[in-house]
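**Q**
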Amino acid sequence: MSSVLYYSKFCKHCKELINTIARSKTKDDIHFVCIDKREKHTDGSIHVVLETGQRLLLPPNITTVPAVLLLHHGNRVVTGIKEITHYLSPGETTIMNQATNFNGEP
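Using this note's numbering, you'd call the opening residue of the sequence shown number 4 and step up by one each time.
#1: With E19 as the anchor, note down where its alpha helix (DSSP H) starts and where it stops.
#2: Using DSSP bridges, identify the partner residues of T82.
#3: Go through its chain and collect everything with a Cβ distance to V81's Cβ below 6 Å, but skip five positions before and after it.
#4: Are the Cβ atoms of L2 and V51 separated by less than 8 Å?
#5: Between which two residues does the beta strand (DSSP E) carrying H44 extend?
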């Protein structure tokens with residue numbers, strides 16, 4: 004896992020992005036975190052409550068959804084469906100090239 008996608012079930016852009024990612028090979032390299040259930044603590048930190056009941060600190064640099072936190076790129080954040088799709092595109096191309104032996108056909 005090299006990235007985390009923060010999303011909301013109430014965001015149409017998030018739904019569209021998740022549908023796109025679900026049909027791609029990159030989905031195996033992304034961890035999905037729904038931010039709909041959150042708790043604000045007295046120290047100002049915000050925690051996302053996962054479906055399992057676990058609490059996960061929401062990074063302060065995640066201010067909008069959809070957002071992808073790039074763990075292997077200095078925790079850089081990519082926001083917006085267009086930017087995220089553009090960022091994930093090279094990975095899809097690489098996977099497709101490997102699967103087709105760079106011929107474009109299986």
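Note that beta-carbon positions come from the ideal geometry of N, C-alpha and C, so glycine has one too.
**A** Considering the structure as presented:
#1: For this step, residue 19 is matched to residue 16 along the sequence shown. Looking at the DSSP string, the run of the alpha helix (DSSP H) that includes E19 is 15 to 25.
#2: Position 79 of the sequence shown, counted from the first residue, corresponds to residue 82. Bridge partners of T82: A70.
#3: As a working note, residue 81 is residue 78 in the sequence shown. Around V81: V71, I87, Y90.
#4: With the chain represented from 4 up to 109, any question about residue 2 goes unanswered, as that position is not in the structure.
#5: Position 41 of the sequence shown, counted from the first residue, corresponds to residue 44. Looking at the DSSP string, H44 is not in any beta strand (DSSP E), and its letter there is neither H nor E.
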